[in-house]
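Chains A and B, in that order, are what the protein sequence lines are.
Position 137, counted from 1, in the first sequence is what my numbering calls 137; the numbers after and before it change by one each time, with no gaps.
Position 312, counted from 1, in the second sequence is what my numbering calls 624; the numbers after and before it change by one each time, with no gaps.
Virtual Cβ for every residue (Gly too), placed ideally from N, Cα, C.
From a predicted model like this one, the values you see are computed outputs, not experimental measurements.
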Amino acid sequence: MDRILECSDLHKTFGERPAVRGVGFHIGLGETYGLLGPNGAGKTTSISMICGLLARDKGSVTVAGKPVDIDTVDAKQAIGFVPQDLAIYPDLTARENLVFFGRLYGMDKASLASRVAEVLEVIQLSERADDQTKEFSGGMKRRLNIGIGLLHKPQLLVLDEPTVGVDPQSRNAILSSVEHLSEEGMAVLYTTHYMEEAERLCDRVGIIDEGAIMAEGTRRELVRLVGQRDKVMLGAVGHLEPVASAMEPIEGVDSASVYDGGIEVIAESAAQLLPQLIGAAAAHDVAIRSVDISEPDLEAVFLHLTGKALRE
Amino acid sequence: MRGAWVIAMKDLKLRIRDKSLLIFGILVPLALTLILSQIIGPALEGDFSPTYGLVDLDRGPVGAAIADAIESQDWELIRYDSEAAAQAAVDDGELSAAFVVPDGFLAATETGEAIHLGVVGNPDASISTLIAESIATSFAARVEAVQLAVAGGIVSGLGDPQTLAAEAQALAAAPDVVRVVASETGSRQLDAISYFAVGMATFFLFFTVQAGVVSILEERQDGTLVRLLTAPISSMTVLVGKSLSSMITGLLSVFVLVVASTLMLGADWGGPVGVVILSVAGVLSAMAVGLAVASVARNAEQAGQFTSIIAVVLGLLGGVFFPLAQTSDTFATLSSLSPHYWLLRGFGDNAGAGSLIDVVQSASMVVVFALVFLVIGFARRHQLGAAR
């Protein structure tokens with residue numbers, strides 16, 4: 001996979017306080033990478049250095065093979081940035097906002113007009129294109145905020161917590177848009193403190209806390225890293241001991257034990273094992289009345305790695 | 313440069329759309345020009361008609377020369393026999409000020425003894441009193457110079473004392489000092505409408521132009537600066553774009569005011585070349601101050617306060633409401649630190665008897681002022697960025 005972004009050993013200290021300590025990762029074409037961490041973990045500082053907004057104390061960043069620094073011009077052409085706070089001009093219309101930023105990226109008049117129309121369609125603002133954005137709802141402004149980042153078809157799109165303060169409907173629309181981007185081959189760097197967003201969107205996730213990446217990998221890799229397994233609670237009545245004994249040898253099952261009202265199974269990829277577990281119960285004439293699977297998530301991983309909850 | 317132009321055009325569109333350029337750049341200065349010229353104007357131009365008193369106890373050529381100086385300006389002169397009578401007239405407000413030439417004044421020039429040429433002033437007519445003091449000071453300086461020359465001549469044996477004394481009397485009485493002063497003032501004098509048109513244009517220019525540069529801090533607060541700085545342009549391009557929009561806004565404002573005040577109020581700004589030179593210099597100085605302020609201010613509100621204070625102080629010092637430089641030497645010195653002073657002086661030369669060289673000299677002083685602040689602003693440009 002071609003690497004669009006490579007950053008290594010990023011350091012930044014504000015006064016006496018180290019904000020980022022040795023952050024490094026890479027993103028390939030068409031890959032969505034998530035930086036998951038609580039507020040103040042160093043996500044925004046890291047992407048500010050990656051986008052050339054903030055001078056780093058140490059480390060290196062290249063985007064599309066070109067080094068990024070303060071006042072870098074070439075490499076920034078490959079980056080689309082969607083800041084956490086709205087960055088649009090309220091007294092300009094949606095179209096004027098897009099045209100202004102398109103021109104800053106050197107787009108010529110003809111291609112700009114058609115691309116603006118295209119982006120307006122994608123962000124579902126075509127009908128309000130010529131209204132001043134101060135008249136827009138919060139969700140519409142958010143969509144325009146993302147549209148500006150997409151306009152010049154960047155190779156790397158950096159989104160800094162784009163769903164903070166957004167209503168559920170707009171949030172879902174934003175997440176769907178990001179999913180489509182990676183399908184189109186765009187590399188995406190997505191920062192969030194919402195575990196569900198990282199799980200839904202990201203091919204790989206870097207868990208960041210106190211300025212350092214604690215762990216990195218796919219969701220499954222991260223879960224495995226901390227030794228977490230799925231927990232399956234099978235509701236049943238009857239003679240359950242032989243059923244539990246029959247379940248234990250099944251490949252992927254770590255343990256099976258009887259509790260009051262059912263059988264508790266600890267396994268890897270429990271959902272895939274479910275037919276075999278139900279089959280074992282049926283073989284002993286025991287009917288399963290309910291199934292409750294608790295999969296370990298990134299929240300659990302974060303808790304395991306840092307000893308604190310993601311949203312503390 | 314393309315990026316700077318794109319930013320400048322966007323800013324210009326926003327300024328026109330929010331009407332601030334129309335209100336503060338054109339309408340308010342024009343309205344104030346009209347109002348101030350009606351209220352203060354008469355005191356500054358043709359309607360200025362002081363009445364002076366003269367107590368000539370010496371009854372010699374000095375008193376006659378003072379009378380000549382006053383009457384040559386078409387100002388009224390009333391003669392009194394005693395200082396007390398003149399003092400009473402001043403106290404009653406009948407006189408703006410009175411000159412007292414003491415008995416034996418001229419004779420004292422021969423002997424070199426100390427003697428005073430008095431001025432009795434009316435506190436309610438400060439300008440008239442200042443003029444009287446200026447005339448008296450000129451005479452006194454002249455007499456002192458003559459006394460020194462006579463003394464030097466006698467010591468050197470260049471002539472007999474009586475002849476030298478006679479020549480000294482004639483020299484001391486010569487009123488040309490007053491004429492020189494009047495001529496100097498006249499060459500830089502704008503009529504009231506023109507004075508206030510220039511004054512208000514330069515005064516509001518600082519608000520209009522600085523608002524443009526300081527808008528970079530508003531962009532920082534609104535988050536759009538972050539987006540500008542992640543675009544493939546340098547921070548210098550952003551700064552140049554902001555400066556460019558401010559310059560266009562400032563020049564547009566001044567040129568509209570020049571045309572409007574000329575056509576509607578009859579103001580005289582002088583030749584177009586001088587107007588362009590001085591306008592560019594003025595816009596440059598306002599932009600430079602705005603840039604320096606933006607680089608030190610913490611936020612847009614603070615920058616707005618700073619720029620307002622600076623614009624008002626520089627405007628007052630420079631004499632946009634009143635020719636402060638003419639009130640004392642201290643204020644004259646302080647005024648010369650203000651670009652407004654040099655702009656008013658430059659426009660005065662441009663509209664009066666001054667040459668284009670005089671105009672360029674005034675504009676140069678404004679540019680020097682601008683350069684100082686431009687260096688500060690550009691050196692600290694990274695402070696304008698987001699969280700740098």
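Between B/A320 and B/G630, the CB-CB gap reaches or exceeds 9 Å. In the structure shown, B/K325 adopts helical secondary structure according to DSSP, grouped into three states.
Excluding residues up to 5 positions away in sequence, D230, V232, A270 and A271 lie with their Cβ nearer than 7 Å to the Cβ of A/I293 in the same chain. For B/K322, the residues of chain A that pass the 7 Å Cβ criterion are F100, in the order they occur in the chain. Against chain B, the beta carbon of A/G147 has no neighbour under 7 Å; the closest one sits roughly 12 Å away. Rounded to whole angstroms, the separation of the alpha carbons of B/H652 and B/G689 is 20 Å. For A/E199, the enclosing alpha helix (DSSP H) begins and ends at M195 to L201. Secondary structure note for A/M233: its beta strand (DSSP E) is the uninterrupted segment D230 to A236. By the Cβ criterion, the region 46 to 55 of chain A is not in contact with the region 517 to 535 of chain B, since fewer than three pairs of Cβ atoms, one from each stretch, lie closer than 8 Å. Annotation: the continuous beta strand (DSSP E) that includes A/M214 extends over A212 to G217.
Taking 9 Å as the Cβ-Cβ cut-off, the region 85 to 117 of chain A approaches chain B at D85, L86, A87, I88, Y89, P90, D91, L92, E96, F100, F101, R103, L104, Y105 and G106, given in chain order.
Boundaries of the beta strand (DSSP E) around A/D160: L156 to D160. Using a Cβ-Cβ cut-off of 7 Å, A/V73 is close to P544, I545 and S546 of chain B, given in chain order. When CB distances to chain B are screened at a threshold of 8 Å, the residues of the region 147 to 175 of chain A falling below it are I148, in chain order. Annotation for B/L564: L333 and G337 place their beta carbon closer than 8 Å to its own, counting only its chain and skipping 5 residues before and after. At a cut-off of 9 Å between C-beta atoms, A/L36 does not count as an interface residue with respect to chain B. For chain A, the residues of the region 518 to 546 of chain B that bring a beta carbon within less than 8 Å of one of its beta carbons are D534, G535, T536, V538, R539, L540, L541, T542, A543, P544, I545 and S546, in chain order. Under DSSP, the beta-bridge partners assigned to A/A267 are A/D230 and A/V253. Taking 8 Å as the cut-off between beta carbons, the residues of the region 41 to 54 of chain A near chain B are S48, C51, G52, L53 and L54, in sequence order. Residue range A612 to G630 is occupied by the alpha helix (DSSP H) that includes B/I622. For A/D209, same chain residues with a beta-carbon under 6 Å away, outside a window of 5 residues either side, are G37, A41 and T306 in chain order. Think of a sphere of 8 Å around the beta carbon of A/F81: the chain B residues whose beta carbon falls inside it are V538, R539 and T542, in chain order. Pairing A/G149 with A/L157, the inter-Cα distance amounts to about 7 Å. Per the DSSP secondary-structure output, A/S8 pairs in a beta bridge with A/S60. Within the region 99 to 133 of chain A, the complete alpha helix (DSSP H) runs of at least 4 residues fall at 109 to 122. Counted as a single uninterrupted DSSP element, the stretch harbouring B/F567 is not any beta strand (DSSP E) but the alpha helix (DSSP H) occupying residues S547 to A572. DSSP lists A/Q132 as the beta-bridge partner residues of A/T93. Listed in chain order, the beta strand (DSSP E) runs fully inside the region 362 to 440 of chain B are 363 to 368, 388 to 392, 409 to 413 and 430 to 433, counting runs of at least 3 residues. In the three-state scheme derived from DSSP, where H, G and I count as helix and E and B as strand, A/H26 is classed as strand. Note that the region 18 to 25 of chain A touches the region 198 to 218 of chain A; at least 3 beta-carbon pairs, one per stretch, sit closer than 8 Å.
Cβ contact annotation for A/L151 (same chain, cutoff 8 Å, sequence separation greater than five): G80, L98, F101, G102, Y105, M107, R115, V116 and V119, in chain order.
DSSP places B/D534 in the helix class (H, G or I) of the three-state scheme. For B/L668, the closest Cβ of chain A is not nearer than 9 Å. As computed with DSSP, A/I288 is found in a beta bridge with A/A236. Between B/I545 and A/V73 the beta-carbon gap is near 7 Å, inside 8 Å, which marks them as a contact. Neighbourhood of A/K76 in chain B, by CB distance below 7 Å: T542, A543 and P544, in chain order.
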